[in-house]
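Residue numbers (the working numbering): 668 to 1027. In what follows, a single structure is set out as structure tokens and then discussed.
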Amino acid sequence: MENKKELGNWLNNMELAHPLVIAGPCSAETEDQVLKIAHQLKDTDATVLRAGIWKPRTRPGNFEGVGALGLKWLQKAKEETGMMTTTEVANANHVDLALKHDIDILWIGARTTVSPFIVQEIADALKGTDKTVLIKNPVNPDLALWLGAVERFYEADVKNLGVIHRGFSTYEKTRYRNNPEWQIPIDLQHRFPDLPLILDPSHIAGRRDIIFDLCQTALDLNYDGLMVETHFDPDNAWSDAKQQITPETLDQMTVDLRIRVEEGDAVEFQNKLATARTKIDVVDHQLIEIMGKRMKISDEIGALKKKNNVAILQTKRWNEILGKMILQGEEQQLSEEFILKVFKAIHQESISHQEMMYKK
Ligand code: PEP
Ligand code: MN
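Set out below in structure tokens:
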């Protein structure tokens, strides 16, 4: 796929304020719930109402969505509020039903993007449509797989396309439900600058308190839109309760977010700067995590030393570590002075941890 200019035309044609804001509950629960949320959202910056009708759940036994019935609720919400509507489709039958109910934008879920067979089935079912299709990143951090899905739609003559960044799963527990891995959407943006890129902070965060910061980072990186899970009673939502925010919070958030307005060279400069800074943020975050990991291992050693009554400070071992690190640092253009400072600080922190353990 070349960088086809028309890919982003749907967004320009909508003549909506930047960024595009899609909001609504994780799942449609009842008709009243969908209508109530739609009415609360219609006076905010959100112009598209989202609600999951068929819910892919990691394990069986959880709420799996109300099914086709919910499409009627979305249709009614559209009639009453004038908002556009969007839902997830995961097979050809869903596509058929969604089109019959005049859903404006269809999104492809993260668990679907991983499967070329099912993506192809959906692309075939949508052949030549003028509806907009937004493709979430696959659950695994694989840019080629994500782009492969975009290509399948493009080749099926679906030209109103966009992508949604919803983060990537990891086995390790981090502060995120799904790691953002910002470098992946940044790479995608470099390769296809005209493909609209939307952030789904809700599934990245898995919690409410970091949604704002994620949105700000995305806007600083020049994303084109946000898709935020929104519910009038988040704690009692039938799915993804921890990560949903109220329409009022969303409204305040869009007021508080800094949105870029510059054009031309200034944009170019700001974008490059923001991209580089975000890369730094990503690496800093990894540094903290790796130092935390090191400290946990050091605590294990501390426990062993205590049990066996061995002195905390082992000078020979420490000098060996330093020698190796100085050599490795040279390969990365890091001065001996810097390596000594950093490792002395790390070592001191380990010793303090171990000393505390001895006192216990
Ligand atoms: C959703 O948007 O509610 C959803 C299920 O998302 P994802 O496919 O990103 O998990
Ligand atoms: Mn959800």
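Yeah, the Cβ is synthetic: ideal placement off N, Cα and C, and Gly gets one too. The structure presented is a predicted model; accordingly, all values stated were derived computationally and were not measured.
Which same chain residues end up closer than 8 Å to M1024 when comparing Cβ atoms and leaving out the 5 residues on each side of it in sequence?
So the list reads D966, G969, A970 and K973, once near-sequence residues are dropped.
In angstroms with no decimal places, state the Cα-to-Cα distance between E698 and Y890.
C-alpha separation (whole angstroms): 32 Å.
Go ahead and label S869 buried or exposed: buried means 16 or more other beta carbons lie within 10 angstroms of its beta carbon, across all protein chains shown.
By the 10 Å Cβ count, S869 comes out buried.
Have a look at L917 and T897 and give me their C-alpha separation to the nearest angstrom.
If you take the alpha carbons of L917 and T897, they lie about 8 Å apart.
Given this structure, state the Cα-to-Cα distance separating P852 from N975, to the nearest angstrom.
So the alpha carbons of these two residues sit roughly 50 Å apart.
Among L864, W721, R842 and N827, whose alpha-carbon lies nearest the alpha-carbon of G674?
Reading the sequence as shown, one finds Leu at residue 674 and not Gly. Answer by Cα proximity: N827.
Would you say P901 touches the ligand PEP, meaning its beta carbon is less than 8 Å from a heavy atom?
P901 Cβ: outside cutoff for every heavy atom of the ligand PEP.
Quick one: is S694 buried, meaning 16 or more other Cβ sit within 10 Å of its Cβ, or exposed?
Looking at its Cβ environment, which holds 16 or more other Cβ atoms inside 10 Å, S694 is buried.
Using CA coordinates, which residue listed in L989, V817, F899 and E822 is at the minimum distance from F859?
Nearest C-alpha to F859: V817.
Of all residues in the structure, which have a C-beta closer than 5 Å to any heavy atom of the ligand MN, taken in chain order?
For the ligand MN, the selected residues are C693 and D907.
Can you tell me whether Q856 is buried or exposed? The criterion is at least 16 other CB atoms within 10 Å of its CB, across all chains shown.
The residue is buried, with at least 16 neighbouring Cβ atoms inside 10 Å.
Could you pull out every residue in the same chain whose Cβ sits closer than 6 Å to the Cβ of G892, ignoring the five residues on either side in sequence?
If we look at G892 and ignore the five residues flanking it on each side, its Cβ neighbours are P686, L687 and I865.
Find out if the Cβ-Cβ distance for the pair G834, N845 is shorter than 9 Å.
Yes, the Cβ-Cβ distance between G834 and N845 is below 9 Å.
Is there a Cβ from chain C that is less than 9 Å from the Cβ of E935?
You won't find chain C in this structure, because it holds only one protein chain.
DSSP three-state label for S869, please.
DSSP places S869 in helix when its eight states are reduced to three.
Return yes when the Cβ of L741 is within less than 9 Å of the Cβ of A718, no when it is not.
Against a cut-off of 9 Å, the Cβ pair of L741 and A718 comes out as a contact.
When the Cα of L888 is compared with those of E788, W849, R961 and N804, which residue comes out closest?
Answer by Cα proximity: W849.
Please work out which residues of its chain come closer than 6 Å, Cβ to Cβ, to R819, disregarding the five sequence neighbours upstream and downstream, and give them in chain order.
Contacts found: V786, Q787 and A790.
On the criterion of 16 or more Cβ atoms from any shown chain inside 10 Å, does L954 qualify as buried, or is it exposed?
Exposed, since its Cβ has fewer than 16 Cβ neighbours within 10 Å.
Less than 8 Å between C-beta atoms, sequence neighbours within five positions excluded: which residues of the same chain meet that for K794?
For K794, where only same-chain residues beyond five positions count, the Cβ hits under 8 Å are A823, D824 and V825.
For the ligand PEP, is there any heavy atom lying closer than 8 Å to the beta carbon of W905?
No, the Cβ of W905 stays beyond 8 Å of every heavy atom of the ligand PEP.
Does the region 932-948 touch the region 904-914, meaning 3 or more C-beta pairs lie closer than 8 Å?
Counting Cβ pairs under 8 Å, fewer than three are found: no touch.
What I want to know is whether the C-beta of W774 ends up closer than 8 Å to one or more non-hydrogen atoms of the ligand PEP.
Within the cutoff, so yes.
When the distance is taken between beta carbons, is I1018 closer than 9 Å to I1006?
Not a contact, by the Cβ cut-off of 9 Å.
From the DSSP output, in three-state form, read off L888 for me.
Three-state result, L888: coil.
Using a threshold of 9 Å, state whether the C-beta atoms of D771 and A792 are closer than that.
For D771 and A792, no; Cβs fall outside 9 Å.
If you reduce the DSSP assignment to three classes, tell me which class T796 lands in.
Three-state result, T796: coil.
Helix, strand or coil: how does DSSP classify T846 here?
Sequence check: residue 846 is Asn here, not Thr. Three-state result, N846: strand.
Let me check understanding here. Comparing Cα to Cα, which of P727, F1010 and K803 lies closest to T754?
Taking only the C-alpha atoms, the option nearest T754 is K803.
Quick one: complete alpha helix (DSSP H) runs, 4+ long, within the region 888-950?
The qualifying runs are 914-923.
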